[in-house]
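Remember, the working numbering sits 143 above the position in the sequence shown when you count from 1.
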Amino acid sequence: MLVDRNQYRYLAVGCLVLLGLASLFVGALDMSLLQLLAGNTNAWHTLMYSRLPRVIAVILTGISLSIAGLIMQKLSQNRFVSPSTAVTMDGARLGILVAFIVLSNQSLWSISIFALLFAAVSTVLFMTAVSKLKIKNIVFVPLLGIMIGMIIDSITTFLALKFDLLQVLSGYMTGSFTPILQGKYELLFISIPLIIIAVHYVHRFSIVAMGEDFAHNIGMNYKRVMLLGILIVATLSASVIVTIGSIPFVGLIVPNVIAYRFGDGHQDMLLDTALLGANLLLVCDLIARLVIYPYEVPVSLVLGIIGSAYFLFILLRGNYET
Numbered sequence: 144m145l146v147d148r149n150q151y152r153y154l155a156v157g158c159l160v161l162l163g164l165a166s167l168f169v170g171a172l173d174m175s176l177l178q179l180l181a182g183n184t185n186a187w188h189t190l191m192y193s194r195l196p197r198v199i200a201v202i203l204t205g206i207s208l209s210i211a212g213l214i215m216q217k218l219s220q221n222r223f224v225s226p227s228t229a230v231t232m233d234g235a236r237l238g239i240l241v242a243f244i245v246l247s248n249q250s251l252w253s254i255s256i257f258a259l260l261f262a263a264v265s266t267v268l269f270m271t272a273v274s275k276l277k278i279k280n281i282v283f284v285p286l287l288g289i290m291i292g293m294i295i296d297s298i299t300t301f302l303a304l305k306f307d308l309l310q311v312l313s314g315y316m317t318g319s320f321t322p323i324l325q326g327k328y329e330l331l332f333i334s335i336p337l338i339i340i341a342v343h344y345v346h347r348f349s350i351v352a353m354g355e356d357f358a359h360n361i362g363m364n365y366k367r368v369m370l371l372g373i374l375i376v377a378t379l380s381a382s383v384i385v386t387i388g389s390i391p392f393v394g395l396i397v398p399n400v401i402a403y404r405f406g407d408g409h410q411d412m413l414l415d416t417a418l419l420g421a422n423l424l425l426v427c428d429l430i431a432r433l434v435i436y437p438y439e440v441p442v443s444l445v446l447g448i449i450g451s452a453y454f455l456f457i458l459l460r461g462n463y464e465t
C-alpha cells in the first residue's frame, strides 16, 4: 500500500526506533534488558561503550552518505552520481594513504584533514570534467567518475605497495562497524552542523547545476555555492571513510528511492533522505551481524550486494532523464 509523505515519516521514525533498539541487543557479547534492569555492571558497560556508540555511528553514517549523495545528484543533475561514483571516496582513500606516507605521527584529525583535502580536490576534478562534456549522458557521467576513480585507486594501490602500506589501506577499503567503541566514532558528529547547512542550501545546489549563467542571472554566487556543496560532500564522505571505511551505494540508492516515490522537488526531501539512509544502514548492519552469527561480515559487503542489484534495476528501467 502506498503511503503519503507524512505517513512515510511516521513509519520511518518508528522503524528507526525499533531497528535501533534491536541493534542494541544484537552482538557476540551477552546483554539483555533484564540484565540492564537488574543493574548488571558488565551489561551496562557493553551498552555504553560498545552497543550504543555503534548504533549512533550507524545512524550518523547512513544520514551522512545519503545526504552527500543527494547533494552530488543535485549538483550534477544526474541520478547515478554519488560519492562512490564521483571519485570522492577514491580521493579520500588516497588522502589517507598520503597522510601515512608523509606524516611520522598520524592522528585521527591529521588523517581526516588529508582525506578531506584529497576528497574535495578529486570531486572538483570530476565536476570540472563533467562540465567539459558536450553530451552529458545520464549513464556516461557516472562511468566517467568510475574511470577517474579507477585511475586514482591504481595510484593509491601503487603507493601502498611501494611504501608497504597495503595492509593499512585494506582497512579503509571495506566498511565495518565492528571496531566502533566509545571514543572511536565521535568524528562522525561533524555531520550534524554540515547537514544543517545543507538544509539551508539544498535548493541552491539544484540551481547551480543549471549553469553559471543561470545562477548569475538570479543573483547567486555560482562558485561559492558549488564549492560549498563539494566541501560538504567531501567532509561527510571523509569522516565516514576515516571512521568506518568505504561504504558503497548508500548515496546512490537512497536519493533515488525518495525521488521515485515522492519526487525531487519538495522542500523536505533532505529529511526524507536522511531517515531512509539511517534505516537502510541499520538493516544492513543487522544483516551483517546475523548472517554468520556470532561472527560478522563487513556491512560494505551487504550494501555492495543490495546496491549493485538496485543500481542495475534503475539502469535497466531507463526512464530517468538527465
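Note that beta-carbon positions come from the ideal geometry of N, C-alpha and C, so glycine has one too.
Coil, strand or helix - residue i by DSSP
i	result
Pro-322	coil
Tyr-403	helix
Asp-411	coil
Ala-200	helix
Met-215	helix
Ser-166	helix
Ser-207	helix
Asp-147	coil
Asn-471	Here the chain covers residues 144 to 465 and nothing more, so residue 471 does not appear.
Ser-193	helix
Asp-428	helix
Thr-465	For Thr-465, the predicted structure reports a pLDDT of 42, less than 50, and the residue's modelled location is therefore unreliable. The matter cannot be settled from this model.
Arg-236	helix
Phe-306	coil
Met-174	coil
Val-222	The sequence as given places Arg at residue 222; Val does not occur at that position. If DSSP states are grouped into helix, strand and coil, Arg-222 belongs with coil.
Gly-182	coil
Ser-250	coil
Ala-229	coil
Ala-442	A quick correction: the sequence has Val, not Ala, at residue 442. DSSP places Val-442 in helix when its eight states are reduced to three.
Ile-435	coil
Thr-416	helix
Thr-300	helix
CB-CB length for residue i against residue j, believed under 8 Å
i	j	result
Thr-299	Arg-236	6 Å
Leu-413	Leu-180	Not confirmed; about 38 Å, so no contact.
Phe-320	Asp-428	6 Å
Val-342	Ile-390	Contact doesn't hold; Cβ gap of about 23 Å is too wide.
Val-385	Ser-193	Between Ser-193 and Val-385 the Cβ distance is about 20 Å, and since that is not below 8 Å, they are no contact.
Phe-257	Gly-238	4 Å
Ser-380	Pro-226	4 Å
Proximity below 9 Å, CB of residue i to CB of residue j
i	j	result
Ser-219	Met-270	yes
Val-201	Ser-166	yes
Thr-228	Leu-424	no
Phe-454	Ile-401	no
Leu-268	Val-241	no
Ile-448	Ile-338	no
Asn-422	Leu-195	no
Ala-377	Ala-263	yes
Met-215	Gly-394	yes
Ile-291	Ala-272	yes
Gly-234	Thr-266	yes
To test your reading of the DSSP string, which unbroken alpha helix (DSSP H) runs of 4 or more residues are found completely within the segment 328 to 394? 334 to 351, 355 to 360 and 365 to 386
Identify every run of the alpha helix (DSSP H) within the segment 253 to 284, keeping only runs that are complete inside it and at least 4 residues long; order them along the chain. none
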